[in-house]
């Protein structure tokens, strides 16, 4: 039975909106957050060393399957996947994939202080991050952590997420991770609101949603887990009249004011969109029914065109990614040493949304994209997403809109930053995140798997599981109104 | 790109509502539909003979896996599944499962005639049905059928579903089939509206939605595929004032008027519910994160506690179901002969919703139910669903609300009928479908995986994939307002 947690929905959404429009923070200015992260980064000593697989502690290759596994059978493993699909130009292949079947917890605690909602964020070290320390959710926990099966150290603040009687749930969604790397991996993205006073441990601080979104404008400050959690926030669904009122009073004189007010309108307005929500659902159903995706787990040693040496598992042409073993040593208040596999991308990727004003509302050009580890065949993805492919050498016209994005005029770029993928699994992986405003020459004709969707509609899809992929969510988290 | 199909949403929903409130049909009265089905049933000669597996034409056991497969590799196969889960009392088992990875088409053509929406239904023979001929959607097609990969005979009316320029899409959803029997099987449920005149072939007729729902009150007249398609219909989301107006003018003097008007209110009202939609989403997310489901395809011959003889694959205690081979001979206008496997249930099952008026709105007592073939761990299911278990011998209190349903006073039963499962896969499987109104002594305390949900909320979940299971959808299709 659902515990008593029905709350005033509108109030909740207005709280989010107010916080997103607020950068002033009496506890910690945005500059101070940056200085604090820099200090934490300098203070900590991190040594990541690529080692031979045979030198890894507690990790090894299973004799029967060749899978790379932890001795305990826990955490995650690197397995093989055999794929057959009618999507794209390659109809069959096999590849290594990260298998981590448990649903993890990505949780943020919020609290209303003087009418503004603050988010309790953590300065967290992750071995794969280029800069180690980034701003993370209050709680990142695996299922073993949070169910306390193994009686380990209880994660900080876990008890607030378990106490559903006293704390309001503001957001609670299952969302996917990279479908080209993980086999159906999902996390529970959750935001709760506490009423009581709460201890702010070292490494934690309160920031507004507006501050978080400002920080996402910068390279590698806000980690992937934070970005996915806040991407799902709904600010409400309003009639055009109410939207016009909100837009008129919000953020006067900010940089790029016209664009930011346009995004605010696109996220709040429930009335104006090129297609109805039912039309979009029908389009997605059609796309899912049209494409086949058959995936089968296979032993890692049966994966074709991938090889293994002492240090890495790699694709024979050097494409996509490789799996490496690292030794991690972090010296902070205490010294932690462990080894683990990480996935190293072959190169930097690009994730770009093209947006366009249609009937006075910004629409995002969204594609249905099939990836082998997807939970449900395909998910909505940015206009261009070539995370792992060799996009600089893609033949002209090979990937829709890639040329457009690569040759765009600087004044069309509304947002650009390098963002890290999850530093607990990926080795120094960062991707260009870009939002571009289409010019008047943008082609009207779209490929069948592309469509124009408003932010309000994208946020509606986000309420349900596995509709938007992590790359689309990362870009949506960067949408700021101030 | 989405073809031009934006339509007036409200108009579409009012069309559905008007049709659901209409039983008068100048083309074919409800009695005539029944007489026609009876005639079609008498006219056709069906001979279903249980045969040895070795006598099956084009079907056989794969030497390596023991899977029961068609020579062509197409259609479906009977494979093994290994399950580990934290749900329920049995944490590990293996079982046979039907694997049919393609997404099939269940499509109904509708047409507005004199202001009323009519549904083009088919009298269709299926070998497993107890009575062979039932009322089916306009189109039931496998992907091989509708993509015409194999150049077979094109299914009747397929072209209307492919012509998205001229025909409006009124509903388009991917929905699951029995999660205990099928491995992640789904069909595309689609309703389109044509403007033009359309040929009505033999075996087809136009009926109103009201007629369909009246026919679902009877045993085994409307097949499972029709029931799932119409279950997803939304009649719109209205404020209480509008709902009160609609309710006051709808269906005066019908049998059980108070209850039927109550259901109409529950399906139209978007404002009054015990829990908000976001609260329900959070509850489902929590349930999905709480329970583990790990399924692996295994060779059929490795399934434990199941045995095979010449005629059947069966569980060693005679529980659940068995897989049999049949020879089918249907003599109609032409003679068709083929053999195929069918799944035969160990006994009749029961699917029951308990409903209760809360704050003036009927709420349905819905459970999160995990089944091994589910696409996403668990789906919303009726209050009681024991399709295949031995419910008459379940220990007291073993299954929540089963005792309540079995011992209910006759005057609490608002709907009861025997309904067939899919006759193309199941051998004479029929289940009791029941809707019961809770009395004043109904316990207030619910198990954690149960919740009260309005019809309007259930219909909202139905828009998205894999939220309601086939048993819940079958019961929702039986909801009638006249």
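Protein chains in written order, with our numbering: chain A, 8 to 489; chain B, 8 to 489. Just so you know, even glycine gets a beta-carbon here, dropped at the ideal spot from N, CA and C.
query: Using only CA atoms, which one of A:40, A:228 and A:299 lies nearest to residue 93 of chain A?; result: A:299
query: List, in order along the chain, the chain A residues whose C-beta lies closer than 9 Å to that of residue 83 of chain B?; result: Ordered by position in chain A, no residue passes the 9 Å Cβ test against residue 83 of chain B, which lies about 14 Å from the chain.
query: Would you list the residues sitting across from residue 193 of chain A in a DSSP beta bridge?; result: A:183
query: So for residue 10 of chain A, helix, strand or coil by DSSP?; result: Low local confidence applies: a pLDDT of 36 at residue 10 of chain A is under 50, so the model's placement there is unreliable, with the coordinate-based value given in what follows. If DSSP states are grouped into helix, strand and coil, residue 10 of chain A belongs with coil.
query: For residue 418 of chain B, would you say it is in contact with chain A, using Cβ-to-Cβ distances shorter than 8 Å as the test?; result: no
query: Measure the beta-carbon distance from residue 23 of chain B to residue 275 of chain B and round it to whole angstroms, keeping in mind my assumption that it falls under 8 Å.; result: About 11 Å; that fails the 8 Å criterion.
query: What residues in the stretch 356-386 of chain B have a beta carbon less than 8 Å from any beta carbon of chain A?; result: 382 and 383
query: Closest by CA to residue 131 of chain A, which one among A:105, A:210 and A:180?; result: A:210
query: Would you kindly check if the distance between the Cβ of residue 89 of chain B and the Cβ of residue 480 of chain B is under 8 Å?; result: no
query: Starting from residue 390 of chain B, follow the alpha helix (DSSP H) in both directions and report where the run begins and ends.; result: Where residue 390 of chain B is concerned, there is no enclosing alpha helix (DSSP H), given that its DSSP letter is neither H nor E.
query: Is residue 528 of chain A helix, strand or coil when you go by DSSP?; result: The requested residue 528 of chain A does not occur in the structure, where chain A is confined to residues 8 to 489.
query: Mark residue 405 of chain B as exposed unless 16 or more other C-beta atoms lie within 10 angstroms of its C-beta, in which case mark it buried.; result: exposed
query: So, is the C-beta of residue 395 of chain B closer than 8 Å to a C-beta in chain A?; result: Any reading at residue 395 of chain B is ruled out, since the residue's pLDDT is 49, under 50, leaving its predicted position unreliable.
query: Going residue by residue through the stretch 300-364 of chain B, where are the continuous beta strand (DSSP E) segments of at least 3 residues, counting only ones entirely within it?; result: 300-305, 313-315, 319-322, 328-338 and 342-352
query: Ends of the beta strand (DSSP E) at residue 440 of chain B?; result: 437-444
query: In its own chain, which residues sit with a C-beta less than 8 Å from the C-beta of residue 370 of chain B, not counting the 5 before and 5 after it?; result: 273, 280, 281, 362, 363, 364, 459, 460 and 461
query: With three or more C-beta pairs closer than 8 Å as the rule, is the stretch 214-230 of chain B touching the stretch 135-146 of chain B?; result: yes
query: Count the other CB atoms, across all protein chains shown, that sit within 10 Å of the CB of residue 6 of chain A; report buried if there are 16 or more and exposed otherwise.; result: Given a span of 8 to 489 for chain A in the structure shown, any question on residue 6 of chain A remains unanswerable.
query: So residue 7 of chain A contacts chain B; which residues on that side make the cut at Cβ distance below 7 Å?; result: Residue 7 of chain A falls outside the range modelled here, since chain A spans only 8 to 489, and no answer is possible.
query: Taking only beta-carbon positions, decide if residue 480 of chain A is within less than 8 Å of chain B.; result: no
query: Measure the beta-carbon distance from residue 149 of chain B to residue 111 of chain B and round it to whole angstroms, keeping in mind my assumption that it falls under 8 Å.; result: 5 Å
query: Going by the DSSP bridge assignment, what does residue 469 of chain A pair with across the sheet?; result: According to DSSP, residue 469 of chain A bridges with nothing at all.
query: Hey, does residue 339 of chain A have any beta-carbon neighbour from chain B nearer than 8 Å?; result: no
query: Can you tell me which of the three DSSP states residue 269 of chain B falls into?; result: helix
query: For residue 234 of chain B, which three-state DSSP category applies?; result: helix
query: Can you pull the chain B neighbours of residue 110 of chain A, defined as C-beta to C-beta under 8 Å?; result: 295 and 296
query: Nearest-angstrom Cα distance between residue 65 of chain B and residue 429 of chain B?; result: 22 Å
query: If contact means a Cβ-Cβ distance below 7 Å, which residues of the stretch 175-208 of chain A contact chain B?; result: 176, 179, 180, 181 and 195
query: Exposed or buried, which one is residue 395 of chain B when buried takes at least 16 other CB atoms within 10 Å?; result: Reliability of the predicted coordinates at residue 395 of chain B is poor, the pLDDT of 49 falling under 50, and the value obtained from them is presented with this limitation in mind. Residue 395 of chain B comes out buried.
query: Could you tell me the alpha carbon to alpha carbon distance between residue 193 of chain B and residue 410 of chain B, rounded to whole angstroms?; result: 32 Å
query: According to DSSP, what are the bridge partners of residue 77 of chain B?; result: B:66
query: Would you be able to state if there are at least three C-beta pairs under 8 Å between the stretch 439-458 of chain A and the stretch 334-347 of chain A?; result: no
query: What residue does the beta strand (DSSP E) around residue 46 of chain B start on, and which one ends it?; result: Where residue 46 of chain B is concerned, there is no enclosing beta strand (DSSP E), although the alpha helix (DSSP H) it sits in stretches over 37-50.
query: Any C-beta of chain B sitting closer than 8 Å to the C-beta of residue 22 of chain A?; result: no
query: Could you name the residues of chain B that residue 292 of chain A contacts, counting a contact when the two beta carbons are closer than 7 Å?; result: 179, 180, 181 and 195
query: If you reduce the DSSP assignment to three classes, tell me which class residue 430 of chain B lands in.; result: coil
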